[in-house]
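Everything on this sheet refers to the single structure shown next.
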Amino acid sequence: MSVDASAESLLNTLRQLAIDPNSAQAQQHPPGALITKLRAINRNSNTAANSKRESTAQVRTAINATNLQLQNLMYERRHLEREIEKCRQFAFIYQDIPIHSLEEFEASAPEELQSPDIMEDEHQLMLSRLRFELLQAKKEALDNERNTIVADTEAFQKDTDGLAKPLEDLGNLMLDVQLRINKLLPAATASPSPAPDAPEGSTPQPTIEEPKDEPMQDASTPAS
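Start counting the sequence shown at 2; every next residue gets the next number (our numbering).
So this is what it looks like as structure tokens:
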């Protein structure tokens, strides 16, 4: 029998005794014994109430912790959803880059860029296609640089070949001039030297006197 049922039965007995103290039921249940039972039931009910109160507080604490954890998870979910939406709306630079089609990539890309693991992963496949575009761009830049160097070399060679004939003519002309100068030099060397006395009517050449070395005057000696 539960505490509530025992208490209810005891209260009914007490009511009956209050109405008819001389009844047979009153003889079977003395008032002192009934009061003792009532006190015991009261203690048991208080103990049960305290136990229920403690268990209820524990359950309430667990519910509050679970509710707080749920709120945190909902906040993180909303934050992740916003970040995912930002990533979806973000304009990646590779979207504006003209790249080879998937068929051209499969036909031209090296084997390490199209392994089975890469081809099964969409993200890794896009990275491999971008790496292939980078390799192609570097190769094209090197080809353009090589073609530019070859064109500049050919132009320089053409200009050099055009200067060969003028340089040859200039060398021949200089050689002819040198030969003429060599022919004139012996005639100039064999001409007679002028006499010591100048003839009448000639203009005397001015003589240049060499400066004489004068002794330096000591600064301590006064000038005369």
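Note that beta-carbon positions come from the ideal geometry of N, C-alpha and C, so glycine has one too. Remember, it's a predicted structure, so these values are computed and weren't measured experimentally.
Interface flag, residue i vs chain B, CB-CB below 7 angstroms
i	result
L71	You won't find chain B in this structure, because it holds only one protein chain.
Where residue i falls, given that 16 or more other Cβ within 10 Å makes a residue buried
i	result
F133	buried
A110	buried
Within 7 angstroms, strictly: CB atoms of residue i and residue j
i	j	result
I100	R130	yes
M120	L114	no
Through-space distance from residue j to residue i, alpha-carbon basis
i	j	result
L164	L176	18 angstroms
N13	A50	23 angstroms
E9	A66	39 angstroms
E84	L128	22 angstroms
N73	T48	38 angstroms
Q96	R79	28 angstroms
K139	A152	20 angstroms
L168	Q179	16 angstroms
R89	E82	10 angstroms
S102	E86	27 angstroms
T37	R44	11 angstroms
I64	E55	14 angstroms
S46	L69	34 angstroms
K159	E123	53 angstroms
A92	E155	46 angstroms
L71	D118	38 angstroms
R181	T161	30 angstroms
D144	E107	23 angstroms
M75	Q59	24 angstroms
Candidates the options: closest to residue i by CA position
i	options	result
E239	R40, E86 and Q137	Outside the shown range of the chain, which is 2 to 225, sits residue 239, and nothing can be said about it.
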